[in-house]
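K.L.:
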Amino acid sequence: MEAVEQAIVRRTRLRIGLFVGLTIGALLLLAGGISYAVLVRGQDAQIQRELAWGTEHGTIAGPPACSWIFEYEGATVHTGANPPPPGFPLHDALATVAATGATEITTVTRNGTTYHVRTEARGDGVVQAVFDARFQLSDRRHLLLAFSLAAVVGLLAAVLTGMVVGRRAVAPLAEALTRQRRFVADASHELRTPIAQVHTRAQLIARRARHDGAATNLEDLDRLVGTTRRLGEIVDDLLLSARLAAAPADREPDPPVDLTSLIGATLAAEAERAAERQVTLTLDTPAAPLPVPGVESALRRVVGELLANALAHTPAGGRIDVTLRAVENVAEIVIADTGKGFDQADARRIFDRFHRGAGAGDRRYGLGLALLQEVVTSHHGTIEAEGRTGRGARFTVRLPMTRSPGLTGRAAWIGHRRMRQLGAGT
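Heads up, the sequence shown is in our numbering, so the first residue is 5 and it goes up one at a time.
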């Protein structure tokens with residue numbers, strides 16, 4: 005399975021697992037929150053009932069160590085036999101209620117606990133009831149701890165369950181992708197030879213027609229040759245894609261590819277075509293080899309396709325600059341032209357499969373730039389496009405490098421460079 009598809013399957017499994025886990029965790033938290041809110045509300049209501057009973061009857065049914073009754077008559081405060089906690093009674097509240105007659109309910113946090121205080125007038129005096137909620141607060145803490153532990157355990161169990169479910173749910177997709185890749189590879193391999201034979205036979209028939217002077221059929225034969233050539237290109241694209249889709253364990257590791265010689269050979273092969281189109285090619289590469297790990301045929305396809313694309317969109321008198329340089333541990337290939345360019349808003353869309361930009365004509369029916377992006381991504385690199393309508397385009401490919409044992413330091417890669425010109429004007 006292709007590395008990108010493997011990553012998608014893994015992310016899908018993880019997302020399903022996290023989604024199931026988070027959903028169950030959210031339900032646990034919701035249940036815990038509701039239970040906690042019900043407990044707090046019930047405790048507060050019970051405390052207020054205890055305080056109201058205490059101010060009315062002068063006693064509280066709760067534990068004596070957690071409640072106090074203070075009676076205020078004139079300037080005298082009766083605290084009873086149970087010693088009050090520090091800071092009680094609340095003299096300000098007693099004086100206020102004595103002056104206004106209005107009941108005052110307050111909550112005071114001190115001494116490491118929370119006190120609920122109810123002060124109200126009774127007869128000619130004022131009564132203040134105080135309730136220490138330390139046991140209620142302890143119950144709340146224990147409940148929160150229990151729910152937190154349950155939520156964590158439930159969340160982990162839910163995530164594991166979700167990942168198992170996700171693996172089983174995605175398994176058919178992974179198997180379908182594997183079968184699809186295997187079918188593409190097998191079908192492309194089987195089609196390659198007969199298509200090549202048809203293309204060769206079409207070329208021979210076209211040559212014989214030209215030699216015999218049968219001009220009436222030459223146009224149709226040329227179209228046949230072009231069509232069979234494009235069919236071969238499509239099959240090559242599919243085979244390349246299938247090879248890139250193979251897992252590393254399924255294929256032998258490839259030796260490092262020298263981008264310096266690869267780009268030089270690719271541009272030399274296009275020099276005659278550039279000269280025919282009156283387009284100037286310039287090449288700027290390091291003098292030393294610049295190796296990168298990867299598949300040589302695939303990387304050659306990247307450079308060749310980008311160069312062919314630039315030639316197709318650059319008018320006579322234009323210029324194509326190809327630059328290879330090392331930036332730290334990354335090899336950077338830049339192909340810039342002075343052609344028609346494109347709207348920068350379409351920079352991402354041009355890498356879509358079967359996308360055909362303006363002026364493409366019938367040159368390609370294959371995967372085009374989408375396959376190039378797949379190739380670069382499979383080599384752990386990136387490809388970017390920049391363009392301005394009528395002012396050219398610029399493609400940048402970045403690939404991780406493999407350092408040569410004979411070269412050390414960044415200066416060894418970029419200290420000595422060479423510039424040469426190919427195509428028109430040479």
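For every residue, glycine included, the Cβ atom is placed at its ideal position computed from N, Cα and C.
Rounded to the nearest angstrom, how far is the Cβ of valine 283 from that of alanine 312, given a contact under 8 Å?
P.N.:
No, valine 283 and alanine 312 are not in contact; Cβ-Cβ is about 12 Å, not under 8 Å.
K.L.:
If we ignore side chains and look at the alpha-carbon of each, how far apart do tyrosine 119 and glutamate 54 end up?
P.N.:
Near 13 Å, if we compare the C-alpha coordinates of glutamate 54 and tyrosine 119.
K.L.:
Can you tell me whether DSSP reads serine 408 as helix, strand or coil?
P.N.:
Note that serine 408 scores 45 on pLDDT, short of 50, meaning its location in the model is unreliable; the coordinates nonetheless yield the value given after this. The answer is coil: DSSP assigns serine 408 none of H, G, I, E or B.
K.L.:
Give me the Cβ distance between alanine 225 and alanine 210, rounded to the nearest whole Å; I'm assuming they're in contact under 8 Å.
P.N.:
Residue identity differs from the one stated: residue 225 is leucine in this sequence, not alanine. Right, their Cβ atoms sit about 4 Å apart.
K.L.:
Do aspartate 350 and glycine 391 have their beta-carbon atoms positioned less than 9 Å apart in this structure?
P.N.:
yes
K.L.:
Taking serine 152 as the reference, give the member of Ala340, His383, Ser39, Arg353 with the closest Cα.
P.N.:
Ser39
K.L.:
Express the C-alpha separation of leucine 31 and glycine 21 in angstroms, rounding to a whole number.
P.N.:
For glycine 21 and leucine 31, the distance between alpha carbons rounds to 15 Å.
K.L.:
When DSSP labels each residue in this structure, what does arginine 15 get in the three-state scheme?
P.N.:
helix
K.L.:
Quick check on the DSSP output: the beta strand (DSSP E) that includes aspartate 341 runs from which residue to which?
P.N.:
334–341
K.L.:
With DSSP as the reference, identify every bridge partner of phenylalanine 74, one or two as the case may be.
P.N.:
Gln132.
K.L.:
Residue range of the beta strand (DSSP E) that leucine 287 falls in?
P.N.:
284–290 is the extent of the beta strand (DSSP E) around leucine 287.
K.L.:
Of the residues Ala106, Gly36, Gly236, Gly129, which one's Cα is nearest the Cα of histidine 146?
P.N.:
Looking at the Cα atoms, Gly36 is the closest of the given residues.
K.L.:
On the three-state DSSP scale, how would you describe phenylalanine 399?
P.N.:
Of the three classes helix, strand and coil, the one that applies to phenylalanine 399 here is strand, per DSSP.
K.L.:
Return the first residue and the last residue of the beta strand (DSSP E) that alanine 312 is part of.
P.N.:
Looking at the DSSP string, alanine 312 is not in any beta strand (DSSP E); the run it does join, the alpha helix (DSSP H), is 300–317.
K.L.:
Under a three-way DSSP split, which group does leucine 294 fall into?
P.N.:
coil
K.L.:
Taking glycine 385 as part of the alpha helix (DSSP H), name the residues at either end of that continuous run.
P.N.:
Premise fails: glycine 385 is in no alpha helix (DSSP H) and is neither H nor E.
K.L.:
How far does the beta strand (DSSP E) with alanine 349 in it extend, from its first residue to its last?
P.N.:
Bounds of any beta strand (DSSP E) do not take in alanine 349, whose DSSP letter is neither H nor E.
K.L.:
Note down, in chain order, each residue of its chain lying with its Cβ closer than 7 Å to the Cβ of leucine 33, except the 5 sequence neighbours on either side.
P.N.:
Ala155
K.L.:
Give a yes or no on whether the C-beta atoms belonging to alanine 102 and glycine 62 are separated by under 9 Å.
P.N.:
no
K.L.:
Pull the bridge partners of arginine 126 from the DSSP assignment, please.
P.N.:
Gly129
K.L.:
From valine 24 to valine 163, what distance separates their C-alpha atoms?
P.N.:
Using only the alpha carbons, I get a separation of about 6 Å.
K.L.:
Looking at isoleucine 375: is its Cβ nearer than 9 Å to the Cβ of alanine 389?
P.N.:
One detail in the question is off: residue 375 reads as leucine in this sequence, not isoleucine. In this structure, alanine 389 does not lie closer than 9 Å to leucine 375 by Cβ.
K.L.:
Taking three-plus beta-carbon pairs below 8 Å as touching, is the region 302–310 in contact with the region 341–355?
P.N.:
no
K.L.:
Just to confirm the assignment, what range does the alpha helix (DSSP H) spanning aspartate 96 have?
P.N.:
95–104
K.L.:
I'd like to confirm the pairing. Which residues does DSSP put opposite tyrosine 119 in its beta bridges?
P.N.:
Val112, Asp136
K.L.:
Give me the residue from Leu228, Glu179, Pro93, Thr286 with the minimum Cα distance to alanine 206.
P.N.:
When the alpha-carbon of alanine 206 is set against those of Leu228, Glu179, Pro93, Thr286, the nearest one is in Leu228.
K.L.:
Can you give me the Cβ contacts of threonine 393 inside the same chain, cut-off strictly under 7 Å, excluding the 5 residues immediately before and after it?
P.N.:
Gly345, Phe346, Asp347
K.L.:
Please state the DSSP three-state secondary structure of arginine 329.
P.N.:
strand
K.L.:
Mark glutamine 377 as exposed unless 16 or more other C-beta atoms lie within 10 angstroms of its C-beta, in which case mark it buried.
P.N.:
buried
K.L.:
Arginine 233 and aspartate 461 - do their beta-carbons sit closer together than 9 Å?
P.N.:
A question about residue 461 goes unanswered here, because the residues of the chain that appear run from 5 up to 430.
K.L.:
Measure the C-alpha to C-alpha separation of phenylalanine 92 and glycine 127 and round it to an integer number of angstroms.
P.N.:
22 Å
K.L.:
Using 9 Å as the threshold, is the C-beta distance between valine 112 and tryptophan 72 below it?
P.N.:
Contact: no.
K.L.:
Arginine 323 by DSSP, collapsed to three states: which one?
P.N.:
strand
K.L.:
Counting only the same chain and skipping the five closest in sequence on each side, list residues whose C-beta sits under 7 Å from that of arginine 352.
P.N.:
Result list for arginine 352: empty, nothing under 7 Å.
K.L.:
Taking the alpha helix (DSSP H) that threonine 80 falls in, what are its first and last residues?
P.N.:
Per DSSP, threonine 80 belongs to no alpha helix (DSSP H); it is in the beta strand (DSSP E), 80–82.
K.L.:
Relative to the alpha-carbon of asparagine 86, which residue among Cys70, Asp356, His383, Arg398 has its alpha-carbon at the smallest distance?
P.N.:
The shortest C-alpha separation from asparagine 86 is found at Cys70.
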